[in-house]
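One structure is given below, encoded as structure tokens.
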Ligand code: PMV
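Residue numbers (our numbering): -16 to 307.
Next comes the structure, spelled out in structure tokens:
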């Protein structure tokens, strides 16, 4: 049987950086994200004895390194008691590997489509755990809206829960595209560098306050509380990245120009906050009434190629439109 799933990437407001368990992708801290409605991964999976090996065609190109994909597939085969290999075809409607969290939607769509294709009917908690094995942040993309990943200590208790549904709060997330190239240092390497970084301890010590601010800020729909805490946590994660050995610097001149534009808009009374994952592209948070004005100002910033307006997106779900 063939199954297709659609999933959206998510942007972390409180970041996951550094793992307690590198193989199982268990994070050092709870973290919180918003699922993005406009960015989409679509993935079709079929298990069959006619396939000699697992294969993945991502954005029309055959992918050679299937290590993380096979972690998810092997777990599914174990659960379903099957030995068949899988054919996977996956497409993103946005740049892949450029710090736009394509692995979050990628592994969330894979967990859902592949488990269904193997005849399993997993609940959301089980899907979240499965997606996490491929890429940590993928456990959050199983849910739409506002999501918290409970770090846990072992695999069974490290999964995401939904804090609020997509239509609970109409926040806008303006994704500014500065660079579409794949990053040189992926997050797997980055997470392992973080562990040896002495500044990580300080980041983790102060993180709890910001985690609470974002969680409560979402519940209270307090934009200033959420924005301030998210921006601080982003800077704290990037400071940890920059002080890794070797240094991890994901920002470009364009990134800094957008950061300065956000600061300036705020000083002029247009409230907005930035956050950035492991890449140069900046996501700007704002309220709907200011979105159009902020978007047009962002488009004027030198180096910004495009701005995609998002709001909180839906859960990962099954689709009838197969890719093969
Ligand atoms: O899930 P990974 O291994 O791609 O790591 C994600 C790391 C960040 O995007 C930088 C932060 C986060 O919480 O999403």
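The C-beta atom is built at its ideal place from N, Cα and C for all residues, glycine as well.
Alpha-carbon spacing of residue i relative to residue j, whole angstroms
i	j	result
residue 22	residue 189	32 Å
residue 76	residue 248	29 Å
residue 158	residue 242	13 Å
residue 216	residue 304	39 Å
residue 121	residue 86	7 Å
residue 66	residue 56	10 Å
residue 198	residue 209	8 Å
residue 13	residue 106	21 Å
residue 180	residue 307	45 Å
residue 112	residue 30	21 Å
residue 282	residue 78	18 Å
residue 254	residue 302	37 Å
residue 204	residue 153	10 Å
residue 201	residue 36	45 Å
residue 39	residue 48	9 Å
residue 313	residue 195	Residue 313 is absent from the model: the chain starts at -16 and stops at 307.
residue 226	residue 285	27 Å
residue 151	residue 32	45 Å
residue 251	residue 124	35 Å
residue 272	residue 46	42 Å
residue 132	residue 108	11 Å
residue 240	residue 231	19 Å
residue 20	residue 149	9 Å
residue 50	residue 62	19 Å
residue 246	residue 280	12 Å
residue 228	residue -16	47 Å
residue 110	residue 191	27 Å
residue 58	residue 136	19 Å
residue 262	residue 44	22 Å
residue 140	residue 206	30 Å
residue 347	residue 182	Given that the chain is displayed from residue -16 to residue 307, the structure contains no residue 347 and the question cannot be resolved.
Within 8 Å, strictly: CB atoms of residue i and residue j
i	j	result
residue 28	residue 90	no
residue 193	residue 212	yes
residue 162	residue 42	no
residue 88	residue 171	no
residue -3	residue 15	yes
residue 258	residue 270	no
residue 83	residue 52	no
residue -12	residue 18	no
residue 237	residue 287	yes
residue 186	residue 219	yes
residue 256	residue 166	no
residue 156	residue 266	yes
residue 54	residue 95	no
residue 11	residue 114	no
Limits of the unbroken alpha helix (DSSP H) element including residue i
i	result
residue 193	181 to 203
residue 278	271 to 282
residue 90	85 to 100
residue 167	First-last for residue 167: undefined, no H or E at that position.
residue 131	Unbroken run through residue 131 is the beta strand (DSSP E), 129 to 133; no alpha helix (DSSP H).
residue 238	236 to 250
Endpoints, beta strand (DSSP E) assigned at residue i
i	result
residue 63	Here residue 63 belongs to no beta strand (DSSP E); instead the alpha helix (DSSP H) covers 50 to 63.
residue 228	Per DSSP, residue 228 belongs to no beta strand (DSSP E) and is neither H nor E.
residue 39	38 to 41
residue 287	Where residue 287 is concerned, there is no enclosing beta strand (DSSP E), given that its DSSP letter is neither H nor E.
residue 171	Per DSSP, residue 171 belongs to no beta strand (DSSP E); it is in the alpha helix (DSSP H), 170 to 178.
residue -7	-7 to -3
residue 75	68 to 75
residue 294	Taken as a continuous stretch (DSSP letters only), residue 294 belongs to no beta strand (DSSP E), as it is neither H nor E.
residue 121	Element bounds for residue 121: not the beta strand (DSSP E) but the alpha helix (DSSP H), 121 to 124.
residue 107	Residue 107 -> not in any beta strand (DSSP E); alpha helix (DSSP H) instead, spanning 107 to 117.
residue 4	2 to 4
residue 31	24 to 31
residue -13	-15 to -10
Any chain C beta carbon closer than 8 Å to residue i
i	result
residue 88	Of the protein chains in this structure there is only one, and it is not chain C.
Any non-hydrogen atom of ligand 3 closer than 7 Å to residue i Cβ
i	result
residue 156	Among the ligands present in this structure, namely ligand 1, ligand 3 is not found.
(request) Count the CB pairs spanning the segment 136 to 146 and the segment 275 to 291 that are closer than 8 Å, and state whether there are at least three. (result) Judged by pairs of C-beta atoms under 8 Å, the segment 136 to 146 does not touch the segment 275 to 291, as fewer than three such pairs exist.
(message) Using a Cβ distance threshold of 8 Å, determine whether the segment 270 to 285 contacts the segment 67 to 75, with at least three qualifying pairs required.
(response) no
(request) Could you tell me whether the segment 99 to 108 touches the segment -7 to 12, where touching means 3 or more Cβ pairs closer than 8 Å? (result) no
(request) Could you say if the segment -3 to 4 and the segment 169 to 176 meet the contact criterion of at least three C-beta pairs nearer than 8 Å? (result) Taking 8 Å as the limit for Cβ pairs, the verdict is that the segment 169 to 176 does touch the segment -3 to 4.
(message) With three or more beta-carbon pairs closer than 8 Å as the criterion, would you say the segment 294 to 304 touches the segment 114 to 128?
(response) Contact holds: three or more Cβ-Cβ distances are below 8 Å.
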